[in-house]
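Taking the numbering used here, I'd label the letters of the sequence shown as residues 10 to 414. Where is the CB? At the ideal position from N, CA and C, for every residue including glycine. Treat the numbers as computed from the prediction; the structure is a model and nothing was measured.
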Amino acid sequence: MTIKSNHKIFLSLISLVLGLSFVANNDSIVHYWNTSRKMSVDLGGGKCRWTPPSYEGIENTTFFKTVVAGYPSGDKRLTFVQMEGLTGLPAKDEWDFEYLGMSNHPFIKANYPHHEGIWGWDDAADQVVMVVRNIKRAMVEYHDILWDIGYAKTWEEAFELIPNLYAERPPLSDFLAWRDERVHDEIKWYGWFIDYYMEGGLMRDMFTNKITTPEHWYMLMMPTVYTVAELNYDLVVGPDTVVEPSYDPNCDKITNGCEPVKVISAERLVEHTRGPGVSLQIANAIDGKHGMNVISPEARGCIWRELIINKKGLKTFIDRDGYGESDYSFTQEHLEGMIAELDRLISKYSSHPWDVKETAQDLVDLLTEHRGLIDADLTEGGYRKMMQRTASAIPQRFESMEKSG
């Protein structure tokens with residue numbers, strides 16, 4: 010076994026920085042608002058006045074708490090910002106819980122079980138809302154966030170670059186270098202992440218999609234500690250081993266388990282036609298829950314407009330300047346890999362027993378739409394050839410993961 014603890018520490022540092030970023034982007038809010046609740050105001054007639062929540066939390070109130078889970082790509086921020094605007098209550102990142110301590114924040118942003126995440130909130134949550142973004146766009150934004158903080162190697166380096174988050178897009182050369190090193194594996198992580206939540210924390214191998222043992226699963230959770238060869242399913246589990254299903258014990262800490270109560274589309278949330286409807290879905294997921302005083306139905310569309318159209322509140326990926334997402338292209342092999350993973354997920358969640366679950370059908374609807382967009386890119390020749398490139402800031406923290414393959 011090859012241990013590369015420094016790289017694991019760097020993964021943790023960067024993930025923690027991502028969590029702290031929403032506070033750093035709003036220093037004036039943090040210092041201005043005290044612990045009293047500042048809920049957005051319903052002005053009547055479908056009008057509202059958006060106000061930021063208290064980022065200090067409300068320690069003496071009991072809340073029904075929601076994990077906002079998603080593959081790392083900036084989509085969760087869009088979702089929890091809606092929750093904050095609708096309720097006047099604050100969100101907090103999984104790494105903030107782990108490193109800054111427990112608090113009473115009712116909305117929890119999580120990348121877990123992706124290697125950028127950590128189960129930092131212990132048993133504080135009651136339900137999960139899963140946010141799903143187009144796999145191709147998710148890869149672009151994931152890299153954008155890494156680039157924002159300079160592929161930082163230390164906490165000090167990362168912290169200094171927090172103000173860069175969501176400001177602009179990186180040079181194409183930086184993205185292409187990372188893409189050629191990481192995207193094939195991240196395609197597998199993307200599908201594995203969805204399976205984890207949809208199946209309530211069932212332990213699977215992301216490379217074969219087979220049900221696996223706890224021993225193997227915990228090894229998979231440490232991609233910078235073990236080489237790809239050391240993680241091979243047949244080597245660790247055995248090709249003929251009959252594996253009994255095991256579930257992540259962390260899911261027992263969530264009142265309603267890890268399976269999501271709602272699947273949300275990040276892309277649709279920002280669309281002018283479908284966005285208000287998605288915002289209503291978010292509101293419905295928390296409305297009526299203990300401690301959740303959601304603004305009146307008539308004013309909810311106004312909250313969406315203030316956040317998405319008028320861009321009130323935290324910076325998100327829609328605020329980036331520079332290149333558009335479509336300028337960051339992939340190879341034909343990458344796109345075919347994405348389609349293959351989407352085909353697997355669509356086939357699985359459109360079949361029995363998933364075909365009677367609303368969340369599964371919402372997921373299939375989203376993934377089918379995403380697949381069509383990627384297939385159009387392939388048909389139109391919208392891809393690049395694989396090339397070795399040198400970026401202005403090579404993502405060295407991924408070197409161990411790449412070399413070990």
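- Here E195 is buried. Its C-beta has 16 or more other C-beta atoms within 10 Å.
- The Cβ-Cβ distance between G210 and N265 does not fall below 8 Å.
- Inter-residue distance for E350 and K197 is about 7 Å (C-alpha atoms, whole angstroms).
- Unbroken beta strand (DSSP E) runs of no fewer than 3 residues, entirely contained in the region 76 to 103, are found at 100 to 102, following chain order.
- Taking one beta carbon from each stretch, the region 118 to 128 and the region 75 to 90 have 3 or more pairs nearer than 8 Å; the two touch.
- The region 215 to 274 contains, as complete beta strand (DSSP E) runs of 3+ residues, the segments 271 to 274 (chain order).
- With fewer than 16 other CB atoms across the displayed protein chains lying within 10 angstroms of its CB, L52 is exposed.
- Taking the Cα of G126 as reference, the smallest distance to any Cα among K321, P232, V192 is reached at P232.
- Taking C-alpha positions only, H343 is separated from H193 by approximately 7 Å.
- With the rule of 3 Cβ pairs closer than 8 Å, the region 137 to 147 counts as touching the region 270 to 277.
- Per DSSP, L52 lies in no alpha helix (DSSP H); the unbroken beta strand (DSSP E) holding it starts and ends at 50 to 53.
- The alpha-carbon separation between Q91 and S288 amounts to approximately 7 Å.
- Residue pairing by DSSP places A119 opposite A78 in a beta bridge.
- By the neighbour-count definition (other C-beta atoms within 10 Å, threshold 16), R146 is a buried residue.
- Judged by DSSP secondary structure, M212 falls outside any beta strand (DSSP E); it is assigned neither H nor E.
- For M347, the enclosing alpha helix (DSSP H) has its first and last residue at 341 to 358.
- Proximity to R142 across F202, F184, M212, R353 peaks at F202, based on C-alpha coordinates.
- For R58, the uninterrupted beta strand (DSSP E) run begins and ends at 56 to 58, by DSSP.
- Judged by their CB atoms, L372 and W59 are not nearer to each other than the 8 Å cut-off.
- As the crow flies, the alpha-carbon of N319 is around 52 Å from that of V252.
- Contact between I348 and G94 does not hold, since the beta-carbon distance rounds to 36 Å and is not under 8 Å.
- V287 sits in a helix when the DSSP states are folded into three classes.
- Straight through space, the alpha carbons of D249 and E276 are spaced by roughly 42 Å.
- Under the 10 Å beta carbon count, A238 is surrounded by fewer than 16 other beta carbons and is classified as exposed.
- Here the alpha carbons of L98 and H114 stand approximately 7 Å from one another.
- Between the alpha carbons of A369 and N293 lies a distance of about 18 Å.
- Residue burial is scored here from C-beta neighbours: V279 has at least 16 other C-beta atoms within 10 angstroms and is therefore classed as buried.
- Residue pairing for M111: DSSP places it in no beta bridge.
- The criterion of a C-beta distance shorter than 8 Å is satisfied by T71 and G300.
- When beta bridges are read from the DSSP output, Q136 appears opposite T75.
- In the assembly as shown, L244 is an exposed residue. Its beta-carbon has fewer than 16 other beta-carbons within 10 Å.
- Collapsing the DSSP output to three states places V141 in a strand.
- In this model, S305 and K298 are separated by some 14 Å (Cα to Cα).
- Per DSSP, the continuous alpha helix (DSSP H) segment holding L375 begins and ends at 367 to 388.
- With a cutoff of 8 Å on beta-carbon distance, P180 and D153 are scored as not near each other.
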